[in-house]
Structures are given as C-alpha cells and as structure tokens.
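**Q** Residue numbers (the working numbering), protein chains in the order written: chain A, 16 to 506; chain E, 2 to 481; chain V, 2 to 97.
Idealized CB from N, CA, C, for every residue including glycine.
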Amino acid sequence: MTDLADLGVTDAAAGLRKGEFTSVELLEAVHRRAAVTEAELHAYLTIDREGAARGAVAADAAFKAGSDFGPLHGIPVALKDNMVTRGLETTCSSKILSGYLPPYDGTAVSRLKSGGSIILGKTNLDEFAMGSSTENSGYGPTRNPWDPERVPGGSSGGSAAAVAVGSAVAAFGSDTGGSIRQPAALCGIVGMKPTYGLVSRYGLIAFASSLDQIGPLTRSVEDAVAALEVVGGHDPCDSTSYPGPVPDYRSGLESGVSGLRVGVVAELNGGGIEPAVQAAVDATIEQLEGAGATVVPVSLPSVEYALSAYYLIAPAECSANLARFDGVRYGLRRLGENVEEMMSNTRADGFGPEVIRRILLGTYALSAGYYDAFYGQAQRVRSLIISDFAAAYEVADVLVSPTSPTTAFSLGARTQDPLSMYMSDVCTIPSNMSGDPAISIPIGLDDAGLPIGFQIMAPALGEPVLFRVAAEVERLAAFDSRAGLASSEVS
Amino acid sequence: MSYEAIIGIETHVELTTDSKMFCGCPADFGAPPNTNVCPVCLGLPGALPVVNARAVEYAMRIGLGLNCKVAGHSVFARKNYFYPDMPKNYQISQYDEPLCVNGHLDIEAGEGTHRVGITRVHMEEDTGKSTHVGEGGRIQGATYSLIDFNRAGVPLMEIVSEPDLRSAEQARAFVSELRGVVLRLGVSDAKLEEGSMRFDGNVSLRPAGTEAFGTKVEVKNMNSMRSLQRALDYEIERQASLLEAGDPVIQETRHWDEDAGVTSGMRSKEEAFDYRYFPEPDLVPVAVDDAWRDRVAGSLPELPSEARSRYVQQGLDPAAAAVLSRELDYGAVFEEAVGAGGDPRTVGNWLTGEVTALLRRTGSELSESSLNGGALAELSSMVADGRLSASAAKEVLAGVAAGEGTPVEVAERRDLIQVSDAGSLEPVVAEVLGAHPEALDKLRNGDDKVIGFLIGQVMRATGGKADPATVTSLIRKRVG
Amino acid sequence: MPVDIDIAKVARLARLALNEQELELYRVQCETVLEHAALVQALPTEGVAPTSHPLPLTNAFRDDVVTDCLDREEVLAQAPDRDGDYFLVPRILDEP
Ligand SMILES: [Mg+2]
Ligand SMILES: [Zn+2]
Numbered sequence: 016m017t018d019l020a021d022l023g024v025t026d027a028a029a030g031l032r033k034g035e036f037t038s039v040e041l042l043e044a045v046h047r048r049a050a051v052t053e054a055e056l057h058a059y060l061t062i063d064r065e066g067a068a069r070g071a072v073a074a075d076a077a078f079k080a081g082s083d084f085g086p087l088h089g090i091p092v093a094l095k096d097n098m099v100t101r102g103l104e105t106t107c108s109s110k111i112l113s114g115y116l117p118p119y120d121g122t123a124v125s126r127l128k129s130g131g132s133i134i135l136g137k138t139n140l141d142e143f144a145m146g147s148s149t150e151n152s153g154y155g156p157t158r159n160p161w162d163p164e165r166v167p168g169g170s171s172g173g174s175a176a177a178v179a180v181g182s183a184v185a186a187f188g189s190d191t192g193g194s195i196r197q198p199a200a201l202c203g204i205v206g207m208k209p210t211y212g213l214v215s216r217y218g219l220i221a222f223a224s225s226l227d228q229i230g231p232l233t234r235s236v237e238d239a240v241a242a243l244e245v246v247g248g249h250d251p252c253d254s255t256s257y258p259g260p261v262p263d264y265r266s267g268l269e270s271g272v273s274g275l276r277v278g279v280v281a282e283l284n285g286g287g288i289e290p291a292v293q294a295a296v297d298a299t300i301e302q303l304e305g306a307g308a309t310v311v312p313v314s315l316p317s318v319e320y321a322l323s324a325y326y327l328i329a330p331a332e333c334s335a336n337l338a339r340f341d342g343v344r345y346g347l348r349r350l351g352e353n354v355e356e357m358m359s360n361t362r363a364d365g366f367g368p369e370v371i372r373r374i375l376l377g378t379y380a381l382s383a384g385y386y387d388a389f390y391g392q393a394q395r396v397r398s399l400i401i402s403d404f405a406a407a408y409e410v411a412d413v414l415v416s417p418t419s420p421t422t423a424f425s426l427g428a429r430t431q432d433p434l435s436m437y438m439s440d441v442c443t444i445p446s447n448m449s450g451d452p453a454i455s456i457p458i459g460l461d462d463a464g465l466p467i468g469f470q471i472m473a474p475a476l477g478e479p480v481l482f483r484v485a486a487e488v489e490r491l492a493a494f495d496s497r498a499g500l501a502s503s504e505v506s
Numbered sequence: 002m003s004y005e006a007i008i009g010i011e012t013h014v015e016l017t018t019d020s021k022m023f024c025g026c027p028a029d030f031g032a033p034p035n036t037n038v039c040p041v042c043l044g045l046p047g048a049l050p051v052v053n054a055r056a057v058e059y060a061m062r063i064g065l066g067l068n069c070k071v072a073g074h075s076v077f078a079r080k081n082y083f084y085p086d087m088p089k090n091y092q093i094s095q096y097d098e099p100l101c102v103n104g105h106l107d108i109e110a111g112e113g114t115h116r117v118g119i120t121r122v123h124m125e126e127d128t129g130k131s132t133h134v135g136e137g138g139r140i141q142g143a144t145y146s147l148i149d150f151n152r153a154g155v156p157l158m159e160i161v162s163e164p165d166l167r168s169a170e171q172a173r174a175f176v177s178e179l180r181g182v183v184l185r186l187g188v189s190d191a192k193l194e195e196g197s198m199r200f201d202g203n204v205s206l207r208p209a210g211t212e213a214f215g216t217k218v219e220v221k222n223m224n225s226m227r228s229l230q231r232a233l234d235y236e237i238e239r240q241a242s243l244l245e246a247g248d249p250v251i252q253e254t255r256h257w258d259e260d261a262g263v264t265s266g267m268r269s270k271e272e273a274f275d276y277r278y279f280p281e282p283d284l285v286p287v288a289v290d291d292a293w294r295d296r297v298a299g300s301l302p303e304l305p306s307e308a309r310s311r312y313v314q315q316g317l318d319p320a321a322a323a324v325l326s327r328e329l330d331y332g333a334v335f336e337e338a339v340g341a342g343g344d345p346r347t348v349g350n351w352l353t354g355e356v357t358a359l360l361r362r363t364g365s366e367l368s369e370s371s372l373n374g375g376a377l378a379e380l381s382s383m384v385a386d387g388r389l390s391a392s393a394a395k396e397v398l399a400g401v402a403a404g405e406g407t408p409v410e411v412a413e414r415r416d417l418i419q420v421s422d423a424g425s426l427e428p429v430v431a432e433v434l435g436a437h438p439e440a441l442d443k444l445r446n447g448d449d450k451v452i453g454f455l456i457g458q459v460m461r462a463t464g465g466k467a468d469p470a471t472v473t474s475l476i477r478k479r480v481g
Numbered sequence: 002m003p004v005d006i007d008i009a010k011v012a013r014l015a016r017l018a019l020n021e022q023e024l025e026l027y028r029v030q031c032e033t034v035l036e037h038a039a040l041v042q043a044l045p046t047e048g049v050a051p052t053s054h055p056l057p058l059t060n061a062f063r064d065d066v067v068t069d070c071l072d073r074e075e076v077l078a079q080a081p082d083r084d085g086d087y088f089l090v091p092r093i094l095d096e097p
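(1) So with CB distances below 9 Å, who are the chain A contacts of residue 96/V?
(2) For residue 17/E versus residue 190/E, is the C-beta spacing smaller than 7 Å?
(3) How long is the line joining the alpha carbons of residue 9/E and residue 204/E, rounded to whole angstroms?
(4) Assign residue 35/E to one of three DSSP states: helix, strand, or coil.
(5) When the distance is taken between beta carbons, is residue 173/A closer than 7 Å to residue 138/A?
(6) Is the CB of residue 20/E under 7 Å away from at least one CB in chain V?
(7) If you draw a straight line from the alpha carbon of residue 220/E to that of residue 283/E, how long is it in whole angstroms?
(8) Does the beta-carbon of residue 246/E have 16 or more other beta-carbons within 10 angstroms, so that it is buried, or is it exposed?
(9) Helix, strand or coil for residue 272/E, going by three-state DSSP, please let me know.
(10) Going by the beta-carbon positions, is the gap between residue 393/E and residue 377/E smaller than 7 Å?
(11) Can you pull every residue whose C-beta falls closer than 5 Å to some heavy atom of ligand 2, listed in chain order?
(12) Taking the alpha-carbon positions, what's the residue 213/A to residue 203/A distance?
(13) Taking Cβ-Cβ distances below 9 Å as the criterion, which residues of the stretch 35-51 of chain E are in contact with chain A?
(14) Using a threshold of 6 Å, is the CB atom of residue 478/A nearer than that to any non-hydrogen atom of ligand 1?
(15) Nearest-angstrom Cα distance between residue 384/A and residue 161/E?
(16) May I ask you to list, following chain order, the residues of the stretch 125-159 of chain E that have a beta carbon less than 9 Å from some beta carbon of chain V?
(17) How would you write the range of the beta strand (DSSP E) that residue 468/A sits in, first residue to last?
(18) Cβ of residue 74/V less than 7 Å from any chain A Cβ?
(19) What separation, rounded to the nearest whole angstrom, lies between the Cα atoms of residue 104/E and residue 276/E?
(20) May I ask you to report which of helix, strand or coil DSSP gives residue 328/E?
(21) Would you say the beta carbon of residue 125/E comes nearer than 6 Å to a heavy atom of ligand 1?
(22) Grouping DSSP H, G and I as helix and E and B as strand, with all else coil, what is residue 183/E?
(23) List, in chain order, every chain A residue whose beta-carbon is nearer than 8 Å to that of residue 1/V.
(24) Could you name the residues of chain E that residue 54/V contacts, counting a contact when the two beta carbons are closer than 8 Å?
(25) So does residue 159/E have its beta carbon nearer than 6 Å to some heavy atom of ligand 1?
(26) Examine chain V for any beta-carbon lying closer than 7 Å to the beta-carbon of residue 452/A, and answer yes or no.
(27) Which of the residues in the stretch 313-331 of chain A, read from start to end, lie with their CB under 7 Å from any CB of chain V?
(28) By the 7 Å beta-carbon criterion, what residues does the stretch 463-493 of chain A contribute toward chain E?
(29) Can you name the start and end residues of the alpha helix (DSSP H) that residue 414/E belongs to?
(30) Return the CA-CA distance between residue 62/V and residue 182/E, expressed in angstroms with no decimal places.
(31) Which two residues bound the contiguous beta strand (DSSP E) that contains residue 60/A?
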C-alpha cells in the first residue's frame, strides 16, 4: 500500500472522504516522514505535534458528523515562519524574534483553521524572507531533498523542501521577488504567486509591502488551486486586498491550450540562462505549440531594469517595515545605557548580515537628497514595466520563461557575493513589480538530476488562464515529483 | 533697532472618534494603561492599518471650517524616526499630498480683523505616552521610562498656519479662535490639559520694514494659552537680544520650561530631520469627490466668526460676543435665554461678567450650575419691568447659581422685589411731600436739588423697595 | 555611476550599532549593489508617474466601530522588560 505521505492534496482529500483513511492516519504518516527527513533537511523551525494531533482528531470528528469544511479539510499543511500564528512561535528565522508568541492569527492562518486544515508547524526561510537560498536563516540552512549539498532555493526553502520530500502535504510561502516560485523550481514542485491583493497580507510579517504575496507550494496544479481557494478572497483587515469576487480557478483545468497565445519573453529567455534549463523550457514551449497553442515572441524592454528597481524598492520598504523590531514590546533586547543604544545594540545583534545590508540600502535610498534618483526613479521604472506587460498581454494570453536561470546551486556558492545571489530572481521579479500572478511548474531534470522549473505569467486576476496553461504543462511534462529523491529519505 | 516677529503655529488636535485612526481600539481618554491596544496600534509583526472613515470626514470638516480646498486625491506616507512610544518607529502621516490645503482663519486681534493663512490640514496618528521615572518626572536625568500605548494610533489632525502672526498676543488669539472652530465643529474636545490640543510655534525676527525672513526657531511644549504667549514673548526677546549683540540665531528646536519661564535648546540631532518620507504601501489613496465634499460642507454648523457678528448685531459688545462664540456651553445658555425672551445685552454681560466670575470663585462648570437659559431670561425681564434693580439682580443671580430656586423665588425670599406701581406709591409720596412743605416750595421755585432729598425720604418710608424712577415721576406730577 | 555612502550616518539613522570593520564591509557591499541599482537612472522617465502600488484602489475604509482589544497580560508577556502594567525602557535622552 502506498505511503500516505506521498499523497498530494487532491488524492488525500478524496481518500479522506471515501473513508480510506483518517486525518489522524494521514498526519501520522507525515510525521513519520518528517522523522526520517528532518535531521538532514531541516525544513522546519517548529513542529507543533500536539496542535496538529488535536486538529486531526477534530477534522475526523467533523467528517463523521457529516460536515465538510472544504478542499483542505483534514489536510496537514506547513506554514512559512513569517506567517503569524497565535501562541505558536513565529520567528521569521530571525534571532530578533526568538521565542516570540504572537497574540493573534493572520487572516490566511485563520482561514486555514476554519477550513479544517491541520497546521504541522513553521518552516525555515531566509531571515525576514530576504534571500534566494534559505542560507540566511538565523537557525541554520535547509537542504535540497534532491541533493543535500545544494540549496532548496528561497526564501520559502523550508516549505518547498517539506512538500518535495513529503513532510507536508502542502505548504504556504510568501513571494516578494520569487520566494515561492524559485524554491518550488529548485525542489521540483509547483509554486504559485497569486495576483497582488488576492490573498490577505494581514498576519504576514512584512518584507516589502507593495510586493509581498502569500501563495501555495504543492505537488500539483490542482493542489495549488485547492490551497488558493481556501486562503484567497477579500479581507477588510488588509486595505490593499482585492475587493472584488475571486476568479473561478478550476474552470479551465481540463480545457487544454488550443487557441491560446503563449508569449515567449525575449528578455527572460536565452541570455544568462543555463543551457540545460533553457533547452527544457524550449522543449516545453514546443509541446505547448503541439497541443494547439500559438507561440508568439514578445518583448518587455524595461524588464532589463526590473532587478535594479527591485533592489531599491524592496530595501526601502523593508527599512521601514523592520523598524518596529526595537526591543521595546517583543522579541530580543540587548542592554544599552539609554534607549537609543538599547535599540541599536538589539538590532545590530538580532538581525543577520543580509537583513542589515538591505536595511542600510533602503535607509540610504530614501534619505534626503537621494530619494528621487533612487526610490522615485525605481517607482517610475515600475510604471514602465507595468505598461510593457500590458502591451504584451495585448498579443499573448500568458507569458513564459524559465523560473530560475539555474538549477539548485551548492550551499555557500553565492553567500559571499550578494549580487550573484540577487541574480537568482531575475526571471521572477518582474511579476512582483507588476503585481500579476505567476506559477512555476517542474518540467524535468538536468544532467545532475536536479529539477527545472517552467514559469507561466498572466495578467492581474488571470488565475483561470494561468492554471489552465499550467495544468497542460503538467500533463505534457509528466514530471514525477518523487523521482530521484534519495531513497534513504523516502523510506 | 526694532524687530518684527514672524510667527507660524503648528497645531495638533486629537479627534473624538469612537475608535482609533487605523484600528478598532477605543480612542477614549483615561483607560487603564495598555488596555486600548491591538496588533495594529501596538505595531505587532504582520498587522496592517485600515483608515477610519469618520476620521477622514472629521478632517474634512476642519479643513472646510478653515476655508481650505479639499484635495480630490490625497495619500498617506510613512514618516520614519525611532522613538520608544511610537510602536512602528514610523508615523503614518500625510506629506506631499495632504487632505486639505490653502485655507484661512480670521481673528479679532486689537486693531480689527486679521487674516491668518492655513497652509494645510492633514491626518496622522498619535503616539503612546512615556512616563519618566526619577528626577521629578523630567526627561532629563530620568533613570528609566514607562510606556502606555493607549494613545498610540488615536486620530490626530495637524493644522499648519502660514507665518502670518506678528506677536505672541496674536498667536494666542489665533489658537483660541482655532480652538473655538474645532469645538463648534464637534470633532475634538480640544482639552489643552489632557493634550487633545497641542501647539508648536515657529519664531523668527527681521528688522522692522524689511522683507527677508530671519532664522527660524521651533518652540515646543507650550501646554496652555498662557504658556504659549509667555514662551513666544520670551523667545522673541531672546532672539532680539542675540541680534542686538550681533550674535547669530541658530536654527533649532527649543523647549519651553513653564516653571523657569525660559526656552532651552534640545540636544541637536542633525539626522533627526531626515524622516525619509515615502508613500505608505499598506494604505491606498483617499479620493474625495464633489458629492462627498459638498455633503460635509453642507453639514457644517455656525462657526465662531459667524456667531460673533450675529451677537454683535443683537447688541453685545465685541468682547462678550467673542467669548460666547468660542465657549460652547456659554453660547448655548445665551441662545436659550434670548430664545426665552431675555435681553441679549443684559444676558450677555451677565454671562461674561458675574456668571464667569461666580463660577471661577466656586470652581464649577456652567453646565453643572442651575443657571439655565430660562432662569436668565426670567431674571432679565424682572429688571426690564422694574421689579428688580440692576444690583439686586446680581444678588439674585448668585442665589440662583447656588440652587436657591428660580429668580422670582430667590428675589422674594431675599425680599428684593421693587414696588413700581404708581397706585401703591401715590399715598407714600403725598405723605412725604406733606411732611416737607419747605422742600416742596424750593422745588416749585426751580431748586431741583431737593428732589433727591424727597426721593430719599420716599425710599426710607418704603424700606428701599420703591422703584426710584416711578417715585421721581410721581413727585414731578404733584409739583405740576 | 559611482556611489559613495556615509555609512556611519546611515547606520545611525537605522539604529544599527556596527563597529568600524562592519561599517566598512557593508559600505563596500552596499555601494556595489547601489551601482547596479543606479542603472535605473539610465532609463528615460520624463512624464512617467511613479507606481507605489500595483492595484489601483482608493478609499479602503473601515467604519468608526470599536472592536475587541488584546488581553494585556498576553501582550506584556512578550515584553523584554515591564513594570506592572507598563513597558519599561532605558532612559530616553530627548523629546522626539
Ligand atoms: Mg505632526
Ligand atoms: Zn488598536
């Protein structure tokens, strides 16, 4: 009989409703898997055994009583540790929040709870979601299940590794510049960034408020749809949340791509992309054409400047967002002779190097005399990127590119050179700048047996067409998300 | 040489909304420490602000009450600086696109009306409160501080004036007029002692008759109208003597010390001025269309200046009219009394004279006393028809204030009612004239002085209760 | 475009107590990143309005209604230092 830990959301949900197994049994299988894999991978910062067990019992009881709370009812999910959970330690992988017990649940978390899903625990990330490898964690890195000597990507590396290896049936992360899609690509799973404002940010510890978005990491496109159905939708507690009705994500899953126009972005394909990655992406594009899609070349000229603009906007917003970590109301405090010294010592000690670097960058970019040349100009570039996308969506229904220029790189390979690390996000950042939805689908392995991700982008609220194309890519690639995982881990 | 003072005033007013600016915590004053707090106003990780619609409406009322233009599109920004009682270490405020701009407020300052420009009115949030422990609660030399975040996030309006004031006295007049406007608009209780209304002054001097502005100094911590005037007068003097001595005025922020009666420079932090403003990404712009603005404009009450001119037309002297137009409770009792037939001038003078003095002596509020409009109207008509002398009326006023009953009851109990009907005075007058024939002769021969003697005799005979006016006319009638 | 940063001033503004070596390391790294970021200045943007927000929304308001506050003990339990019902901080040098 198959190990329940290998099931995705859709199959597990079906099994639970058929009574083939209980939520408690499903949870036990996932816990057994974690017991084998955690020592090496370190996907989790906190595993809440008791809370999860209570949740599973309650979920089974509800099923028995005839209730059905929706697609994640009874499903064990993992949360990136920048999602606030009441009474469950929430650290953002930062020493400055060590031991912090939030007095409230974020909106996505409370929707998961009322949706009957089981919170397994909190997954590792680059401190405050700043990074592309999960090496910037204040509590040690997460390793890639496909090759433990390599990074899982980041910043949602813990969530990606847990889903890839089966220590979570599904997970949630946040995507500010690619932090869901890039680790999903490097770990061989599906990672999706919804339209900005579709999922409430209330209770997501902010990195860059105008770019952050919560989204799912799953084993299949349909699993991603199920996850988004639970957490998405307007939230009055988030002024930037989209007030309209949510799109019907499922409608096109079986429709195929015939008649759709697939735009290949010149600036995001070819140059700077690893040949093996580009070859796999090109092959998938051909398959789409074979499946009836029209492939059109498109250009997003100002996207060349997206990375530069991003590294002004994101640090600027983070320099203010992280000012509240001052040792006064919660978290770490280092002593000082007066309050200013206390704050300065606390922050210098509590934040890691990458966070300090970005706070310094943002503080400088906003400071008197530099605002217009840096932050102001970056925001104008952002406008140009948005109009480039608008023009592209005149001729194409979706846009495609590699998710990451490379497959998983070795631990430590880029930690000494911030700029090279930042380059990991060159393909994913544009959709954060425009606020549009994007998804990464695993399409194969390179010669080293490492997963390659295919990125699909759609216009704002274009989730239906995004998922429609993603489902077709998934069928065409027929990628086995479990293949190649070290057998020692998948006992 | 003589200098001209250039003064601008920055006023902060807390709004009396039910909930805070960006969260649902109560905005009321005096709750136990750290009980009116939630993730948003405590700046907990992950919390997000949502704008209180009524606060925007109140801000618009203030702007329109100050003749401002309401912007169709305004945005919130983050003002970044670290301070322990400011939870997020940035204040959500408005910067380059405020809600209201380009208004003015007319004040009565000695020589007629003076128009003061209002640069802007914008929305922001208040901070928490720090209590400094040690050294008598002073910040200097305190050993540590305690923080209560109940006030953090209370809606705060910043009202910035143009540098149109030329003396501390004018500045005081401006602030009290502004307070009157805010009170009449019903958007704040504007209590200086509770800090729900606070002001800072910008002071510079220039040689009389010249145009260029001098170096500007900001004066903070003026907690009453009186300390505002004292602080600004002191600062003007200080700068004048610096300039006299040929010393430069340094651009700085100075702190007013009420007890010492001096302003002193605060530790200058050059980077403190680098607030790194940028648009608040957690909030969306405020868009006010004409319909919304017109609805708010249509709902504005009568403003102090309008009330003032109406009162003057009713016969009040400007000083009394000014007080009644600013102090809501006095204005209300006045309207009530006049509505009930009281004589405006008499009632107005009582309220701004005896009543004010009386209440100051007893340290009580007008609202608490039994001096309502009805009572004042009754009292004023008793004087009008001669039943009470002006002096007796003031005695009755005190009795009514003390809760001894209605004016008539008090007047009768204290036996102050005047006899003013000719019928009952006629015999007394006849008797007095009969008793003093020689005085009567003198009067007949045109010696008018004696009439005072005769009136006095009648008053004595009536125990002082006769109405002098009636008595005089009766005597003259008999002399023929 | 070469960028040079008064890193000590920036660190002070950001309330980060860094020593000389740290300051120098961060200065070099930040300048490298900023020189790359400064590429944005190459793009002509006259007449282009800045985008501070991807969704063109306005007037996201809440009604002036009082909602539940947090339990004081649950809040103060997270405080690094407290005195009774207050948060306690070292002496404050000056007014804001
Ligand atoms: Mg202000
Ligand atoms: Zn609150």
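**A** The answer reads as follows:
(1) For the purposes of this step, residue 96/V is taken as residue 95 along the third sequence, with counting starting at 1. Within chain A, no residue comes near residue 96/V; the closest Cβ sits about 12 Å away, beyond 9 Å.
(2) Position 16 of the second sequence, counted from the first residue, corresponds to residue 17/E. Position 189 of the second sequence, counted from the first residue, corresponds to residue 190/E. Contact flag set, yes.
(3) Numbered from its first residue, the second sequence carries residue 9/E at position 8. Numbered from its first residue, the second sequence carries residue 204/E at position 203. Approximately 7 Å, taken between the alpha carbons.
(4) Position 34 of the second sequence, counted from the start, is the residue given in the question as residue 35/E. Three-state result, residue 35/E: coil.
(5) Position 123 of the first sequence, counted from the first residue, corresponds to residue 138/A. Position 158 of the first sequence, counted from the first residue, corresponds to residue 173/A. In contact: residue 138/A and residue 173/A (Cβ atoms closer than 7 Å).
(6) Your numbering for residue 20/E matches position 19 in the second sequence. Yes, its Cβ sits closer than 7 Å to a Cβ of chain V.
(7) Numbered from its first residue, the second sequence carries residue 220/E at position 219. Numbered from its first residue, the second sequence carries residue 283/E at position 282. So the two alpha carbons sit approximately 33 Å from each other.
(8) Taking the first residue of the second sequence as position 1, residue 246/E is located at position 245. It counts as exposed.
(9) Along the second sequence, read from residue 1 onward, the residue named residue 272/E stands at position 271. Unreliable placement is indicated for residue 272/E, whose pLDDT of 49 sits below 50; the coordinate value is still reported in the next sentence. Helix at residue 272/E.
(10) In the second sequence, the residue the question calls residue 393/E occupies position 392. In the second sequence, the residue the question calls residue 377/E occupies position 376. The answer is no: Cβ separation not under 7 Å.
(11) 24/E, 26/E, 39/E, 41/E, 42/E
(12) As a first step, residue 213/A must be located in the first sequence, where it is residue number 198. As a first step, residue 203/A must be located in the first sequence, where it is residue number 188. Roughly 25 Å separates the two Cα atoms.
(13) 39, 40, 41, 43, 44, 45, 46, 47, 48, 49, 50, 51
(14) As a position in the first sequence, residue 478/A is number 463, starting the count at 1. Checking the Cβ of residue 478/A against ligand 1 gives no.
(15) Against the first sequence, residue 384/A aligns to sequence position 369. Against the second sequence, residue 161/E aligns to sequence position 160. Approximately 25 Å, taken between the alpha carbons.
(16) 128, 129, 131, 132, 133, 134, 135, 140, 141, 142, 143, 144, 145, 146, 147, 148, 149, 150
(17) Locating residue 468/A in the first sequence gives position 453, counting from the first residue. From DSSP, the beta strand (DSSP E) with residue 468/A extends over 466-472.
(18) Residue mapping note: residue 74/V aligns to position 73 of the third sequence, counting from 1. Not closer than 7 Å to any Cβ of chain A, the Cβ of residue 74/V fails to qualify, so no.
(19) The residue labelled residue 104/E in the question sits at position 103 within the second sequence. The residue labelled residue 276/E in the question sits at position 275 within the second sequence. Near 26 Å, if we compare the C-alpha coordinates of residue 276/E and residue 104/E.
(20) Within the second sequence, numbered from 1, the residue matching residue 328/E stands at position 327. It is coil, neither helix nor strand.
(21) Position 124 of the second sequence, counting from 1, holds the residue named residue 125/E. Yes, since a heavy atom of ligand 1 falls inside the 6 Å radius drawn around the Cβ of residue 125/E.
(22) Along the second sequence, read from residue 1 onward, the residue named residue 183/E stands at position 182. Looking at residue 183/E - three-state DSSP - the assignment turns out to be helix.
(23) What the structure shows of chain V is the stretch from 2 to 97, and residue 1/V is not part of that stretch, so it cannot be assessed.
(24) Within the third sequence, the letter at position 53 stands for residue 54/V. By Cβ distance, chain E contributes 280, 282, 285.
(25) Start at 1 with the first residue of the second sequence, and residue 159/E comes out as number 158. True, at least one ligand heavy atom lies under 6 Å from that Cβ.
(26) What you label residue 452/A is simply residue 437 of the first sequence in a count that begins at 1. No, its Cβ sits nowhere closer than 7 Å to a Cβ of chain V.
(27) 317, 320, 323, 324, 326, 327
(28) none
(29) The residue given as residue 414/E occupies position 413 in the second sequence. Taken as a continuous stretch (DSSP letters only), the alpha helix (DSSP H) holding residue 414/E covers 408-414.
(30) By 1-based counting over the third sequence, the position of residue 62/V is 61. By 1-based counting over the second sequence, the position of residue 182/E is 181. Each residue's Cα considered, the two are about 26 Å apart.
(31) Position 45 of the first sequence, counted from the start, is the residue given in the question as residue 60/A. Here the beta strand (DSSP E) through residue 60/A covers 59-62.
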